[in-house]
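In what follows, a single structure is set out as structure tokens and then discussed.
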Amino acid sequence: MKRFVFTCLTASLSLTALADTVKISDPWARATAPGAPAGGAFMSLTADANMTLIAAESKASKVVELHTMKMENGVMIMRAVPQIDLPKGQTVSLKPGGLHVMLIGLHAPLKAGEKVDMTLRVKDSQGKEQRLPVAAEIRAMKPAAMPAAHMH
Ligand SMILES: [Cu+2]
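For the sequence shown, my numbering gives the first residue as 1, with consecutive numbering after it.
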């Protein structure tokens, strides 16, 4: 009986090791003021193979979108993107002022010290989808790091 259990465990471990996935490091979200309609979440993503982040989901808000932020005519503009490419072995940083996960229609303010649960949906080159759970730590941010558009 003992040997049987051991064999099963080994088999499932090696299956896990074979599947390409995405490593998520330092997931965090920006704390929001009471009544703020939306919040941003950030993290670093490193894929084992060429993969694509196709969506993010969370119960914390009505809608979750993938966004990018760009300087256009001297103003920071945020835009939804359909997907984010995760090239093999390259770390893609979702960070303030750049790519981010946008939580739109927050059900409650994001409070510093708490966590916000999200699920990332990634697709490999064969089109197979994986759902990766993420618990992003909510952190307060200094006003100096606000988008340039707010600092005229
Ligand atoms: Cu955004």
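Note that CB positions come from ideal geometry on N, CA and C, so glycine has one too.
Computed from a predicted model, the values in this text were never measured in an experiment.
Proximity of residue i and residue j at Cβ, strictly below 8 angstroms
i: valine 64; j: glutamate 72; result: no
i: proline 37; j: isoleucine 104; result: yes
i: methionine 203; j: aspartate 20; result: For the chain, the structure presents residues 1 to 152; residue 203 sits outside this window and is missing.
i: valine 116; j: alanine 60; result: yes
i: valine 101; j: glycine 40; result: yes
i: leucine 86; j: methionine 51; result: yes
i: alanine 108; j: alanine 29; result: no
i: alanine 49; j: alanine 112; result: no
Distance cut-off 7 angstroms: residue i Cβ against heavy atoms of ligand 1
i: methionine 141; result: no
i: histidine 100; result: yes
i: glycine 40; result: yes
i: valine 107; result: Checking the sequence shown, residue 107 turns out to be histidine, not valine. It does not: the Cβ of histidine 107 is nowhere closer than 7 angstroms to a heavy atom of ligand 1.
i: methionine 118; result: no
i: methionine 78; result: yes
Span separating the alpha-carbon of residue i from that of residue j
i: leucine 110; j: alanine 47; result: 28 angstroms
i: methionine 76; j: glutamine 130; result: 32 angstroms
i: leucine 53; j: isoleucine 24; result: 12 angstroms
i: valine 92; j: alanine 33; result: 28 angstroms
i: glutamine 90; j: lysine 128; result: 20 angstroms
i: valine 134; j: lysine 88; result: 20 angstroms
i: glutamate 114; j: methionine 78; result: 26 angstroms
Integer Cβ distance of residue i from residue j, believed to fall under 8 angstroms
i: threonine 119; j: leucine 99; result: In fact, because the Cβ distance is near 18 angstroms, the residues do not count as touching under 8 angstroms.
i: methionine 69; j: glycine 97; result: 6 angstroms
i: leucine 94; j: glutamine 83; result: At roughly 13 angstroms, the Cβ-Cβ gap does not stay under 8 angstroms, so leucine 94 and glutamine 83 are not in contact.
i: valine 22; j: leucine 45; result: 5 angstroms
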